[in-house]
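Going by UniProt numbering, the final residue of the sequence shown carries number 444, and the count climbs one at a time with no gaps.
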Amino acid sequence: MFLEDYTFSIGSEKIKIQEVNGVFKAKNIRYAKSERYQLPIPVSITEALADIPVLTPVCPQHQSEMLERLIEPTHVEDFLVEESPQYLSITFPKNTLPDEKLSVVVWIHGGSYEIGCGSLPTSDPSVWVKEQRIIVVSVSYRLGLFGFLGGYDERPANLGLFDIIEALKWIRANISAFGGNPENITLLGQSSGGDAVTHLMIAEGAEGLFKRAIIQSAPLGLREKRQKMSEEFSLKTSPIKDDADFMKMVDEYSKFRPSLLKYGLKAAMPFGLQYGFPPMAPENKIRKLWKEHAAKYDVLIGLNDEETAFYLRTSGALQKYTEKGFGKKILDKTIRLTTEKIYGKPATEFASSYAKAGGNVYLFRIFSKLESNRIGAAHCLDLPLLFGNEEAWKHAELLKGIPWAEIDKVGKKIRAIWAEFARNGSVSENSDKPEVLKISRIDQ
Numbered sequence: 001m002f003l004e005d006y007t008f009s010i011g012s013e014k015i016k017i018q019e020v021n022g023v024f025k026a027k028n029i030r031y032a033k034s035e036r037y038q039l040p041i042p043v044s045i046t047e048a049l050a051d052i053p054v055l056t057p058v059c060p061q062h063q064s065e066m067l068e069r070l071i072e073p074t075h076v077e078d079f080l081v082e083e084s085p086q087y088l089s090i091t092f093p094k095n096t097l098p099d100e101k102l103s104v105v106v107w108i109h110g111g112s113y114e115i116g117c118g119s120l121p122t123s124d125p126s127v128w129v130k131e132q133r134i135i136v137v138s139v140s141y142r143l144g145l146f147g148f149l150g151g152y153d154e155r156p157a158n159l160g161l162f163d164i165i166e167a168l169k170w171i172r173a174n175i176s177a178f179g180g181n182p183e184n185i186t187l188l189g190q191s192s193g194g195d196a197v198t199h200l201m202i203a204e205g206a207e208g209l210f211k212r213a214i215i216q217s218a219p220l221g222l223r224e225k226r227q228k229m230s231e232e233f234s235l236k237t238s239p240i241k242d243d244a245d246f247m248k249m250v251d252e253y254s255k256f257r258p259s260l261l262k263y264g265l266k267a268a269m270p271f272g273l274q275y276g277f278p279p280m281a282p283e284n285k286i287r288k289l290w291k292e293h294a295a296k297y298d299v300l301i302g303l304n305d306e307e308t309a310f311y312l313r314t315s316g317a318l319q320k321y322t323e324k325g326f327g328k329k330i331l332d333k334t335i336r337l338t339t340e341k342i343y344g345k346p347a348t349e350f351a352s353s354y355a356k357a358g359g360n361v362y363l364f365r366i367f368s369k370l371e372s373n374r375i376g377a378a379h380c381l382d383l384p385l386l387f388g389n390e391e392a393w394k395h396a397e398l399l400k401g402i403p404w405a406e407i408d409k410v411g412k413k414i415r416a417i418w419a420e421f422a423r424n425g426s427v428s429e430n431s432d433k434p435e436v437l438k439i440s441r442i443d444q
């Protein structure tokens with residue numbers, strides 16, 4: 001890895017940036033700050049640049065054993081655990097001119113609104129930035145009890161979404177200093193990050209802050225009729241003292257998760273956006289709002305073909321019963337049904353409704369053609385294809401049996417298509433599409 005420090009100007013202020021593997025990185029810039037259970041407060045450039053942490057900040061969280069095994073050890077313990085994790089990092093091409101007006105992609109990470117951060121190695125955009133000469137801004141925000149459970153007991157709901165809106169305001173105001181075009185900003189979200197992006201399209205206060213949306217593997221099938229579960233979860237966590245140590249809070253709320261299993265699939269994501277609380281409208285108005293906003297945003301939405309294989313084909317408890325024969329058939333059918341219920345059908349319905357309302361929308365699906373990989377086109381398969389960081393993904397069980405050369409070959413084509421959409425809101429018929437990608441514009 002080649003790394004060298006430089007200084008860069010944002011207005012009258014100076015910021016230290018690094019050259020890493022052929023791109024520039026401005027890391028860990030604070031865009032807002034907050035007290036516990038309070039709305040984010042924007043910070044000035046001077047304040048933000050006065051104290052840039054060396055370690056990447058992450059919201060307090062427990063690590064997921066499954067994710068650590070299937071993707072790669074994320075070494076969150078090597079990050080800075082920070083209850084106010086409102087930081088962003090900017091990756092941009094070398095030799096970028098301030099007036100170049102490059103397309104900007106804002107990465108909103110997934111993790112069930114509970115784990116992760118914007119700047120994990122598995123979502124390092126350096127390869128994509130270098131190949132396509134775009135700018136990628138990676139955003140971190142509050143998670144779990146700190147950001148996505150409230151509305152009761154004087155704990156506001158949707159604080160994490162308010163954080164993201166503040167980040168978008170910062171980006172729009174400052175990205176031109178890095179050669180970015182503030183009039184051409186695309187939100188890119190995966191999993192719960194994709195869910196967040198669909199709702200930012202209709203969130204109060206987010207108007208005019210971006211132009212396009214790329215929505216990958218959003219669990220839109222889990223978004224409705226969550227109020228009762230949220231109320232119960234909030235009630236159960238209310239005894240946690242407001243001044244408790246933040247890691248003790250994580251320990252405490254984790255104890256109540258099993259009690260939510262009665263809510264079915266929704267219990268897999270107990271934290272999330274809450275309708276009827278700012279900046280979200282009531283649930284019965286959401287679909288209408290998407291239709292009313294259809295002319296404002298270009299949308300690229302889709303999924304991996306076997307999303308829930310990520311959980312079901314990797315279960316040690318199920319594996320010995322489902323490796324072959326009738327058990328395998330039952331498992332494959334379960335994966336198909338749950339993938340379509342949580343991801344596929346809602347994405348298709350969203351795209352169809354959006355197009356009928358006059359929106360420009362593309363629908364995609366990523367497949368797996370390799371029998372050598374038993375997991376298939378599961379949740380998160382899109383991430384190594386898009387970000388292309390071999391070092392971070394080389395030991396991932398998710399990719400076992402797939403040569404990295406194949407990942408990179410397919411990934412380059414997907415990165416080019418995604419960048420094309422970010423630039424102009426379209427996917428050309430002449431785009432070099434990999435065999436594993438089906439993508440089409442949805443007509444009215």
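Each residue gets a CB set at the ideal place from its N, CA and C atoms; glycine is no exception.
For residue 356 and residue 51, the gap between their C-alpha atoms comes out near 49 Å.
Contact annotation: residue 219 and residue 269 have beta-carbon atoms nearer than 8 Å. Taken atom to atom, the span from the alpha-carbon of residue 384 to that of residue 415 is near 11 Å. By the Cβ criterion, the region 168-184 is not in contact with the region 146-155, since fewer than three pairs of Cβ atoms, one from each stretch, lie closer than 8 Å.
In the DSSP assignment, residue 404 forms no beta bridge with any residue.
Residue burial annotation: residue 109 is buried, with at least 16 other C-beta atoms found within 10 angstroms of its C-beta.
If you draw a 10 Å sphere on the C-beta of residue 11, you find fewer than 16 other C-beta atoms in it, and that means exposed. For residue 246, the three-state secondary structure derived from DSSP is helix. Residue pairing by DSSP places residue 185 opposite 104 in a beta bridge.
Comparing alpha carbon positions, the residue from 66, 120, 21 closest to residue 311 is 66.
Comparing alpha carbon positions, the residue from 422, 420, 428, 411 closest to residue 436 is 411. When the five nearest sequence neighbours on each side are left out, the beta carbons in the same chain lying within less than 7 Å of the beta carbon of residue 136 are those of 91, 105, 107, 125, 128, 129, in order along the chain. Rounded to the nearest angstrom, the gap between the Cα atoms of residue 80 and residue 53 is 8 Å. Positions of the beta strand (DSSP E) runs, each at least 3 residues long and wholly inside the region 184-243, are given as 212-216 in order along the chain. Under the DSSP assignment, residue 18 falls in the beta strand (DSSP E) whose first and last residues are 13-20. Between residue 161 and residue 214, the CB-CB gap reaches or exceeds 8 Å. For residue 79, the three-state secondary structure derived from DSSP is coil.
A contact is defined here as three or more CB-CB pairs under 8 Å, and the region 290-310 meets this definition with respect to the region 338-354. Around residue 279, the same chain offers 158, 161, 162, 165, 203, 204, 205, 206 as residues with beta carbons nearer than 8 Å, after the five sequence neighbours per side are excluded. Following the DSSP letters along the chain, one finds residue 89 inside the beta strand (DSSP E) bounded by residues 87-93. Boundaries of the alpha helix (DSSP H) harbouring residue 160: 159-174, taken from the DSSP string.
The alpha-carbon separation between residue 199 and residue 139 amounts to approximately 16 Å. Shown here for residue 418: same chain residues with a beta carbon closer than 7 Å to its own, the five before and five after excluded, namely 214, 386 in chain order. In the three-state scheme derived from DSSP, where H, G and I count as helix and E and B as strand, residue 32 is classed as strand. Excluding sequence positions up to five before and after residue 233, its CB lies within less than 7 Å of the CB of 149, 256, 260, 270, all in the same chain and listed in chain order. Just measuring C-alpha positions, the residue of 172, 216, 441 sitting nearest residue 192 is 216. The beta carbons of residue 275 and residue 201 sit about 14 Å from each other, so the pair does not count as a contact at 8 Å. Beta-bridge analysis with DSSP links residue 42 to 32. Around the beta-carbon of residue 114, 16 or more other beta-carbon atoms lie within 10 Å, marking it buried. Taking 8 Å as the cut-off, the beta carbon of residue 89 is found closer than this to the beta carbon of residue 25. By the Cβ rule, the region 387-404 counts as touching the region 371-379, because three or more pairs are nearer than 8 Å. Across the set 403, 97, 118, the C-alpha of 118 shows the shortest separation from the C-alpha of residue 87.
Beta-bridge annotation (DSSP): residue 375 is not paired with any residue. Between residue 155 and residue 37, the C-beta gap is smaller than 8 Å, which places the two residues in contact. Bridge pairing for residue 362: 300, 441 [DSSP]. When the beta-carbon positions are compared, residue 404 and residue 122 stay at least 8 Å from each other.
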